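Undergrad: When you line the sequence shown up against numbering that gives the first Met the number 0, it's residues 0 to 541, in that order.
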Amino acid sequence: MISISTPPNPVNEEVRSYKPGSQERFEIIETIRLLKEQTTEIPMIIGGKEIKTGNLVEIRAPHDHQTVLARYHNGTGEHIRQAIDAALAARSQWSETSWEQRASVFLKAASLLSGPFRYKINAATMLGQSKNIHQAEIDAAAESIDFLNFNVKFMADIYAIQPDNNRYTWNRLEQRPLEGFIYAVSPYNFTSIALNLATAPILMGNVVVWKPAQTQIYSAKVLMEVFKAAGLPDGVLNMVFAPGKEAADVALGNPALAGIHFTGSTEVFQSLWTAVGNNIKNYRTFPRLVGETGGKDYVIAHPSARPIEVATALSRGAFEYQGQKCSAASRAYIPESMWPIVLCHLLDDLRQFKMGSPEDFSNFINAVIDEKAFDKLTGFIKDAKNDPDVEVVAGGNFSKETGYFIEPTVILTRDPNYVTMHTELFGPVLTVYIYPDDKFLETLDLVDNTSPYALTGAIFATDRYAIDQASRRLVNTAGNFYINDKPTGAVVGRQPFGGSRASGTNDKAGSMLNLLRWVSPRTIKECFLPPVDHTYPFLLKQ
Ligand code: NAD
0 MISISTPPNP VNEEVRSYKP GSQERFEIIE TIRLLKEQTT EIPMIIGGKE IKTGNLVEIR
60 APHDHQTVLA RYHNGTGEHI RQAIDAALAA RSQWSETSWE QRASVFLKAA SLLSGPFRYK
120 INAATMLGQS KNIHQAEIDA AAESIDFLNF NVKFMADIYA IQPDNNRYTW NRLEQRPLEG
180 FIYAVSPYNF TSIALNLATA PILMGNVVVW KPAQTQIYSA KVLMEVFKAA GLPDGVLNMV
240 FAPGKEAADV ALGNPALAGI HFTGSTEVFQ SLWTAVGNNI KNYRTFPRLV GETGGKDYVI
300 AHPSARPIEV ATALSRGAFE YQGQKCSAAS RAYIPESMWP IVLCHLLDDL RQFKMGSPED
360 FSNFINAVID EKAFDKLTGF IKDAKNDPDV EVVAGGNFSK ETGYFIEPTV ILTRDPNYVT
420 MHTELFGPVL TVYIYPDDKF LETLDLVDNT SPYALTGAIF ATDRYAIDQA SRRLVNTAGN
480 FYINDKPTGA VVGRQPFGGS RASGTNDKAG SMLNLLRWVS PRTIKECFLP PVDHTYPFLL
540 KQ
């Protein structure tokens, strides 16, 4: 019955094209139609049971805010309490379940997402989070599947790490799940990140209370369906909806809190960390705090760079998914001599970007997530338009008549410390600073010192010495550093993702490093010939 088994070797999920006439295009259109036919009610899931409070909140499509996609049953702190109880009740059986059984649930979930649930998770992400089909496919389908498959391999690799032995002893390292429950809090912008936040600790034998962002609940529901279909036992993963602060107060006030798995804004993570600090004497164990947070990601071009490559990196890196990627390029440093040609290419690209509903596959740009984000972003654009020291050189128009649409906008500034050079806006706004060609080294200093964040960044150059200089000078400015590539699009297993400084704890989602945060090792030394004489040779008389 017992064996030392090896899980399947993971391979990155192939991204489907959805080109006209393809089977996948037909399927996704049909799935969107079916989803829109019903206005689903979404319950919380606690201990495997559907919890309906009757306090219904509408979920509307960001690109068409008259369309109600679903209504979810909002909860309170009391539901967080119930979810913690359900998780702790499930803990002992799940934590003792063999790793192969846990792995099988994950491999099955990956297969379900790759097959029968692929179009549903993509369609829910397109409608609920306003992603075009390509953005939905690389996130909700491909990256989710990769997280599930690769994490299984990383788990097995972690268990295989064992200490040395000498004669008559055997040393072993056991990776125990954490003692208590994990509180997972996810953002709206990536369905796959939500999935990984909620499930990576589970794979390592933990139990989770998961609070998704309100604006991602539509696709979160599908993820719960996938895990149910994959056979995850009740109570191991509990999905609750409640206002963020109220939910956190209950979760972080519980002595059994063993960890927080968070992705979202820096301010919220700081508030969670503060609350844990205030409660630190009440916990049974020091909670693990894992948080990936904001960014002010940069592209710097050296005079030796190729302008067309720089422009393409900016148009894709800054504006795909409306710039609502933590890794999106939002500040650029371009040499004076190169700017006219980069601008020319950039404007060419922007002219070709169509904006509108993701249901129309010709649209590259869709809506920003909600009215709050729209108002915040357009506030910065209005300020820039009214500021004589900066110039809006592209875009700058917006409307919330049918959906929350903001044109990809480029602001040119002569002030390297202009507000949009250091503040995270999280939308389709790129600010460009032009530097004198002979001030490359000084500009590297600016990149380093301008913003508190350190998530992603990119250097474009053909001069190898410039690449080397930038790599060294910018060593602490980004957890994911790109050479001659846009700073977005990290792939599980290839570019483990996360940043430092105000961008988070850099625990690298999609790698063994993240999974190590969800286990507590126990070292076991067994002695086969225990000593029977307490003396040592140095005690002997000569
Ligand atoms: P957010 O911080 O507003 O919300 C994140 C989660 O925290 C949500 O579930 C929300 O309900 C909850 N929350 C909000 N206020 C809270 C409070 N006071 N106490 C406890 N929980 C609270 O972030 P968002 O708008 O959903 O996502 C955008 C942010 O996420 C950006 O800052 C972006 O950079 C960041 N992000 C980072 C990464 C990364 O890997 N570094 C990835 C994706 C998104």
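Every residue gets a Cβ at the ideal spot worked out from N, C-alpha and C, and that includes glycine. Quantities reported herein were computed from a predicted structural model and do not represent experimental measurements.
#1: Kindly indicate which residue of Y17, L87, Y452 and M203 has the alpha-carbon position closest to the one of L515.
#2: May I ask you to check if the CB of G263 is nearer than 8 Å to at least one heavy atom of ligand 1?
#3: Would the region 174 to 185 and the region 257 to 275 be scored as touching if the rule is three or more Cβ pairs under 8 Å?
#4: Count the other CB atoms, across all protein chains shown, that sit within 10 Å of the CB of W169; report buried if there are 16 or more and exposed otherwise.
#5: Does the region 388 to 397 touch the region 405 to 417, meaning 3 or more C-beta pairs lie closer than 8 Å?
#6: For A212 and L528, I'd like the C-alpha separation in whole angstroms.
#7: I'd like to confirm the pairing. Which residues does DSSP put opposite Y434 in its beta bridges?
#8: Measuring alpha carbon to alpha carbon, tell me which of T38, P530, N416 and K210 ends up nearest I44.
#9: Name the residue from A383, Y71, D386 and S398 whose alpha carbon lies nearest to the alpha carbon of N365.
#10: Run the CB neighbour count on T38, radius 10 Å, all protein chains shown included, and call it buried at 16 or more, exposed below.
#11: Quick check: is any heavy atom of ligand 1 less than 8 Å from the C-beta of C325?
#12: Find out if the Cβ-Cβ distance for the pair I79, A255 is shorter than 9 Å.
#13: Taking only three categories from DSSP, how would you classify Y417?
#14: Give me whichever residues DSSP pairs with T168 in a beta bridge.
#15: Under DSSP, the alpha helix (DSSP H) around F318 begins and ends at which residues?
#16: Ignoring anything shorter than 4 residues, give me the alpha helix (DSSP H) runs that lie fully in the region 36 to 100, in order along the chain.
#17: Residue ranges of each alpha helix (DSSP H) run of no fewer than 4 residues wholly in the region 466 to 524, ordered along the chain?
#18: Quick check on this structure: which residue in K227, S270, I192 and P232 has the alpha carbon closest to the alpha carbon of A246?
#19: Which word fits D467, buried or exposed, when buried means at least 16 other C-beta atoms lie within 10 angstroms of its C-beta?
#20: Which same chain residues end up closer than 6 Å to S4 when comparing Cβ atoms and leaving out the 5 residues on each side of it in sequence?
#21: If F121 sits next to A139, beta carbons under 8 Å apart, how far is it from one beta carbon to the other, in whole angstroms?
#22: On the criterion of 16 or more Cβ atoms from any shown chain inside 10 Å, does F226 qualify as buried, or is it exposed?
#23: Is D347 buried or exposed, if buried means 16 or more other CB atoms sit within 10 Å of its CB?
#24: Quick one: what's got a C-beta closer than 8 Å to L424's C-beta in the same chain, skipping five residues either side?
#25: Helix, strand or coil: which one does DSSP assign to K130?
#26: Does the Cβ of V10 have 16 or more other Cβ atoms within 10 Å, making it buried, or fewer, making it exposed?
#27: Report yes if the C-beta distance between Y403 and H62 is below 9 Å; otherwise report no.
#28: Would you check whether ligand 1 has a heavy atom nearer than 8 Å to the C-beta of K244?
#29: Secondary structure at G204, three-state DSSP: helix, strand or coil?
#30: Using 8 Å as the Cβ pair cut-off and three pairs as the minimum, do the region 507 to 525 and the region 336 to 347 touch?
#31: Roughly how many angstroms separate the alpha carbons of E406 and P427, rounded to a whole number?
#32: Compare the C-alpha of V341 against each of E308, P200, S356 and A317 and name the closest.
#33: Is V56 a contact residue of ligand 1, with contact defined as CB to any heavy atom under 8 Å?
#34: Report all residues from its chain with a CB closer than 7 Å to the CB of N281; omit the five preceding and five following residues, and keep chain order.
#35: Between D248 and I368, what straight-line distance do the alpha-carbon atoms span, to the nearest angstrom?
#36: Report buried or exposed for G20, applying the criterion of at least 16 other Cβ atoms within 10 angstroms of its Cβ.
TA: The relevant details are as follows:
#1: It is M203 whose Cα lies nearest to the Cα of L515.
#2: It does: the Cβ of G263 is within 8 Å (strictly closer) of some heavy atom of ligand 1.
#3: Note that the region 174 to 185 touches the region 257 to 275; at least 3 beta-carbon pairs, one per stretch, sit closer than 8 Å.
#4: Exposed.
#5: Yes: at least three Cβ pairs fall under 8 Å.
#6: Approximately 57 Å, taken between the alpha carbons.
#7: Bridge partners of Y434: P334.
#8: The closest CA to that of I44, considering only T38, P530, N416 and K210, is found on K210.
#9: For N365, the closest of A383, Y71, D386 and S398 by C-alpha to C-alpha distance is S398.
#10: Classification for T38: exposed.
#11: Flag set: Cβ of C325 near ligand 1.
#12: In this structure, I79 keeps its C-beta atom at 9 Å or more from the C-beta atom of A255.
#13: Reduced to three states, the DSSP call for Y417 is coil.
#14: Paired residues: C526.
#15: That run of the alpha helix (DSSP H) goes P306 to F318.
#16: Listed in chain order, the complete alpha helix (DSSP H) runs (minimum 4 residues) inside the region 36 to 100 are 76 to 95.
#17: 511 to 515, all fully within the region 466 to 524.
#18: Distances from the CA of A246 to each of K227, S270, I192 and P232 were compared; the closest alpha carbon is that of S270.
#19: Exposed.
#20: Only residues of its own chain outside the window of five on either side were considered, and among them E99 have a CB closer than 6 Å to the CB of S4, listed in chain order.
#21: Here residue 121 turns out to be Asn, not Phe, going by the sequence shown. N121 to A139, Cβ: 5 Å. Contact.
#22: A residue is called buried when at least 16 other Cβ atoms come within 10 angstroms of its Cβ; F226 meets this threshold and is buried.
#23: Residue burial is scored here from C-beta neighbours: D347 has fewer than 16 other C-beta atoms within 10 angstroms and is therefore classed as exposed.
#24: Answer for L424: G322, S329, K375, L376 and F379, listed in chain order.
#25: K130 sits in coil when the DSSP states are folded into three classes, being neither helix nor strand.
#26: The C-beta of V10 has fewer than 16 other C-beta atoms within 10 Å across all chains shown, which makes the residue exposed.
#27: Result yes, Cβ atoms of Y403 and H62 sit closer than 9 Å.
#28: Yes, since a heavy atom of ligand 1 falls inside the 8 Å radius drawn around the Cβ of K244.
#29: Here DSSP, grouped into helix, strand and coil, assigns G204 to coil.
#30: By the Cβ rule, the region 507 to 525 does not count as touching the region 336 to 347, because fewer than three pairs are nearer than 8 Å.
#31: Each residue's Cα considered, the two are about 7 Å apart.
#32: Among E308, P200, S356 and A317, the Cα nearest to that of V341 is on E308.
#33: Flag unset: Cβ of V56 not near ligand 1.
#34: Same-chain partners within the cutoff: P254.
#35: Across the structure, D248 and I368 are spaced so that their CA atoms are roughly 26 Å apart.
#36: With fewer than 16 Cβ atoms within 10 Å of its Cβ, G20 is classed as exposed.
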